[in-house]
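The numbering of the sequence shown is the numbering used here, which starts it at 22 and goes up by one.
Yeah, the Cβ is synthetic: ideal placement off N, Cα and C, and Gly gets one too.
Quick caveat: nothing in here was measured; it's all calculated off a predicted structure.
Down below is the structure, laid out as structure tokens.
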Amino acid sequence: MADLESQKDEKVEEADEKHVTEMMGPTDWSTSPKTEADKKTVDGPKPYTIEQPIKSVGAPHKRTHLLSFALGAIVILSLSFGGGWLGAIAHQDNSPTVTQQKVELKGQAVVIRNIAKSLGQSVVSVDVISQTAGSGGALQSFFGLGGGSQQQEDAGTGMILTKDGLIMTNRHVVPSGATSVSVTLSDGTVYKDVKVVGRTNDNDSLDVAFLQIQDTKGKTLVPVKLGDSSQVQVGDQVVAIGNALGQFQNTVTSGIISGYGRSLQASASDGSSSENLDNLFQTDAAINEGNSGGPLVNLDGEVIGMNTALASGSQNLGFAIPINDLSGLVSSVEQTGKLERPYMGVFYVPITSDVKQQYGLTVSNGAYIPTSDQADGQATIISGGPADQAGLQAGDIITQVDGAAINQTTSLASLLNKHKVGDKVNLTIVRGDKTITKTVTLGVAPSSTS
């Protein structure tokens, strides 16, 4: 053992600490339609796939509803990588021996094995049948040349929230035209009578839907245990579970949290739709097609995120919605049986160094509400909405929500998502050279339900 210690490499590379600003291009998400002519294999809703990261800076993507402001076709993404921690774990006198490393790896394997066993019973496969417009279009249908509606079959993942069968998944797993939804438990039990409780609006940055098994047939289901995503650190080990490729139920992969606070634009594989997603975890745990809606968990077996997107052509680049961004909705649906998304009614730009310079702002962090001139004539505060009623103005900079600071890793949306409709939130606002406080009562965002 002494010989092994003496042979340790003493060369240590000091990691540079960089702040990188990137723009993510269109991403490809996990719904792969299947028609009657090709139904041998069901592709699951692919978590979004980032086709090509572009190293440049653009204006934020336009939002058509609450909480975000739009100027262009891309989303500003500010990535801060803490390289310092790499240097901190460089070789030290108390570095683990080979034997110690083997013990640690074996212990980690046991932990992951136990997570897979215990959490697997709380993860379900979601199978959806929906009607879509035929490729022939209305003209062909009129002349009897085909077209019309076609049956589409998709598959994804969900996680059980309550013993009586409330399930959470991604919105894009359950298209708005869904006609039939069924879920399959890890033990093979199939429930075909599943109701779509609600799904966020297709333009909403929060990609989530809720399902309810109508009759569990006397079976008591096992809910997942929700964790606290605010405690997650870069480098934390995580496990992802999902219905890979829509075929391989409860596939387990592991990795680490690679980053947080990511924003990106996502589009369907056929280019038919696109969405903007905010405040995501980045992970190198493999997230495959069909994993959408499945849990990302810590080594305590607690759900800290919902798997949503992957980057095509990349090496282990996946994204998940932090569970704290969903906790308010989960609580609301459990209590009321319906989906009500909290809504403030403003369009805003997350402040980065580039945004600060572009608009001549005096603060480095926060959510800036542009003027209509800066928004090409578009009103940035919804008339009659909660923010308007509370007295917010274009040009305001929101810096805190109930005392919690908005920064590069904590967005305005993520702080509001912790609340429920009807909650009052205190906003700290920089207006000109003054700092003021406004209280906003959150309203109900436009939503789509079946």
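Buried or exposed: threonine 458, going by 16 or more other Cβ atoms within 10 Å of its Cβ?
-> To locate residue 458, count along the sequence shown from 1; it is residue 437. Exposed: under 16 other Cβ atoms inside 10 Å.
Considering only the beta carbon of each residue, do alanine 415 and threonine 392 sit closer than 9 Å?
-> By one-based count along the sequence shown, residue 415 stands at place 394. By one-based count along the sequence shown, residue 392 stands at place 371. Contact flag set, yes.
Looking at C-beta atoms only, is the number of pairs between the region 198 to 211 and the region 248 to 257 that lie closer than 8 Å three or more?
-> no
For the beta strand (DSSP E) that threonine 200 lies in, which residues bound it at each end?
-> For the purposes of this step, residue 200 is identified with residue 179 of the sequence shown, where counting begins at 1. First-last of the beta strand (DSSP E) with threonine 200: 199 to 205.
Isoleucine 136 bridges to which residues according to DSSP?
-> Translated into the one-based positions of the sequence shown, residue 136 becomes position 115. Paired residue(s): none; isoleucine 136 is not in a bridge.
When the distance is taken between beta carbons, is asparagine 337 closer than 9 Å to glycine 13?
-> The requested residue 13 is not part of the displayed model; the chain covers only 22 to 471.
Alanine 408 versus valine 194 - alpha carbon distance | Walking along the sequence shown from the start, residue 408 turns up at place 387. Walking along the sequence shown from the start, residue 194 turns up at place 173. Distance between the alpha carbons of alanine 408 and valine 194: 32 Å.
For threonine 210, count neighbouring Cβ atoms within 10 angstroms of its own Cβ and tell me buried if that reaches 16, exposed if not.
-> Position 189 of the sequence shown, counted from the start, is the residue given in the question as residue 210. It is exposed - the Cβ of threonine 210 has fewer than 16 other Cβ atoms within 10 Å.
Using 10 angstroms around the beta-carbon of arginine 283, count the other beta-carbons present and answer buried if the total reaches 16, otherwise exposed.
-> Sequence index remark: in the sequence shown, residue 283 carries index 262 (1-based). Buried.
Residue range of the alpha helix (DSSP H) that includes threonine 357 = Sequence index remark: in the sequence shown, residue 357 carries index 336 (1-based). Threonine 357 -> alpha helix (DSSP H) spans 345 to 357.
Quick one: using the 10 Å Cβ neighbour count with 16 as the cut-off for buried, is glycine 443 buried or exposed?
-> Start at 1 with the first residue of the sequence shown, and residue 443 comes out as number 422. Glycine 443 is exposed by the Cβ-count criterion.
Ordered list of beta strand (DSSP E) runs contained in the region 237 to 270, each at least 3 residues = 258 to 265
What is the DSSP secondary structure of proline 74, counted as helix, strand or coil?
-> Numbered from its first residue, the sequence shown carries residue 74 at position 53. For proline 74, the predicted structure reports a pLDDT of 33, less than 50, and the residue's modelled location is therefore unreliable. The matter cannot be settled from this model.
Out of curiosity, what's the CA-to-CA distance linking glycine 453 and glycine 387?
-> Position 432 of the sequence shown, counting from 1, holds the residue named residue 453. Position 366 of the sequence shown, counting from 1, holds the residue named residue 387. Near 14 Å, if we compare the C-alpha coordinates of glycine 387 and glycine 453.
Where the alpha helix (DSSP H) containing proline 407 begins and where it ends | As a first step, residue 407 is located in the sequence shown; it is residue number 386 there, counting from the start. Where proline 407 is concerned, the enclosing alpha helix (DSSP H) stretches over 407 to 411.
Are threonine 272 and asparagine 309 closer than 9 Å when you measure CB to CB?
-> Taking the sequence shown and counting its residues from 1, one reaches residue 272 at position 251. Taking the sequence shown and counting its residues from 1, one reaches residue 309 at position 288. A contact, by the Cβ cut-off of 9 Å.
Just confirm the distance between the C-beta atoms of serine 146 and threonine 178, as a whole number of angstroms; I'd bet it's less than 8 Å.
-> The residue given as residue 146 occupies position 125 in the sequence shown. The residue given as residue 178 occupies position 157 in the sequence shown. About 6 Å; that satisfies the 8 Å criterion.
Residue closest to aspartate 175, alpha-carbon to alpha-carbon, out of Asp148, Lys445, Asp185, Tyr369 | As a first step, residue 175 must be located in the sequence shown, where it is residue number 154. Answer by Cα proximity: Asp148.
Since glycine 179 sits in a beta bridge, which residues does DSSP pair it with?
-> The sequence position of residue 179 within the sequence shown is 158, counting from 1. DSSP output for glycine 179 lists Val145 as bridge partner(s).
Taking Cβ to Cβ, would you say methionine 365 is nearer than 9 Å to glycine 464?
-> As a first step, residue 365 is located in the sequence shown; it is residue number 344 there, counting from the start. As a first step, residue 464 is located in the sequence shown; it is residue number 443 there, counting from the start. In this structure, glycine 464 lies closer than 9 Å to methionine 365 by Cβ.
Should glycine 424 go down as buried or exposed, given a rule of 16 or more other Cβ atoms within 10 Å for buried?
-> Within the sequence shown, residue 424 is the residue found at index 403, counting from 1. Glycine 424 should be labelled exposed.
When we look at the beta-carbon of glutamate 355 and count the other beta-carbons within 10 Å, is it buried (16 or more) or exposed?
-> On the sequence shown, residue 355 is found 334 positions in, with the first residue counted as 1. Exposed.
Can you tell which of Ser151, Lys246, Ala230, Asp214 has its C-alpha closest to the C-alpha of threonine 200?
-> Working through the sequence shown from its first residue, we reach residue 200 at position 179. Closest option to threonine 200, Cα to Cα, is Ser151.
Below 9 Å between beta carbons: does that hold for lysine 445 and valine 461?
-> Position 424 of the sequence shown holds residue 445. Position 440 of the sequence shown holds residue 461. In this structure, valine 461 lies closer than 9 Å to lysine 445 by Cβ.
For arginine 452, which residues does DSSP report across the bridge?
-> Taking the sequence shown and counting its residues from 1, the one referred to as residue 452 is at position 431. BP columns for arginine 452 point to Lys455.
Cα-Cα, which of Gly381, Val451, Val376 is closest to valine 422?
-> On the sequence shown, residue 422 is found 401 positions in, with the first residue counted as 1. Checking every option, the nearest Cα to that of valine 422 belongs to Val451.
Sequence-distant residues of the same chain with beta carbon closer than 6 Å to alanine 376, five excluded per side | What you label residue 376 is simply residue 355 of the sequence shown in a count that begins at 1. Checking the sequence shown, residue 376 turns out to be valine, not alanine. Excluding sequence neighbours, valine 376 sits near Val370.
Which word fits arginine 134, buried or exposed, when buried means at least 16 other C-beta atoms lie within 10 angstroms of its C-beta?
-> Taking the sequence shown and counting its residues from 1, the one referred to as residue 134 is at position 113. Exposed.
Do the CB positions of leucine 247 and isoleucine 344 come within less than 9 Å of each other?
-> For the purposes of this step, residue 247 is identified with residue 226 of the sequence shown, where counting begins at 1. For the purposes of this step, residue 344 is identified with residue 323 of the sequence shown, where counting begins at 1. Yes; because the gap between Cβ atoms is below 9 Å, this pair is in contact.
Report yes if the CB atom of threonine 373 is closer than 9 Å to the CB atom of threonine 420, and no otherwise.
-> As a first step, residue 373 must be located in the sequence shown, where it is residue number 352. As a first step, residue 420 must be located in the sequence shown, where it is residue number 399. The answer is no: Cβ separation not under 9 Å.
Endpoints, the alpha helix (DSSP H) within which lysine 377 is located | Stepping through the sequence shown from its first residue, residue 377 is reached at position 356. Run containing lysine 377: 374 to 380, per the alpha helix (DSSP H) assignment.
Any idea what DSSP makes of aspartate 59, helix, strand or coil?
-> Within the sequence shown, the letter at position 38 stands for residue 59. The pLDDT assigned to aspartate 59 is 41, lower than 50, so where the model puts this residue is not dependable, and the model offers no usable value.
Could you tell me how far apart the beta carbons of glycine 349 and lysine 441 are, in whole angstroms, since I believe they sit closer than 8 Å?
-> Taking the first residue of the sequence shown as position 1, residue 349 is located at position 328. Taking the first residue of the sequence shown as position 1, residue 441 is located at position 420. Yes, they are in contact, since the Cβ atoms of glycine 349 and lysine 441 sit about 5 Å apart, within 8 Å.
Could you spell out the range, first to last residue, of the alpha helix (DSSP H) harbouring alanine 434?
-> Within the sequence shown, the letter at position 413 stands for residue 434. Taken as a continuous stretch (DSSP letters only), the alpha helix (DSSP H) holding alanine 434 covers 433 to 437.
Per-residue DSSP class, three states only, for glutamine 421 | If you number the sequence shown from 1, residue 421 lands on position 400. If DSSP states are grouped into helix, strand and coil, glutamine 421 belongs with the strands.
Please classify arginine 192: does DSSP put it in a helix, a strand, or coil?
-> Numbered from its first residue, the sequence shown carries residue 192 at position 171. In the structure shown, arginine 192 sits in a helix (DSSP, three-state: H, G or I).
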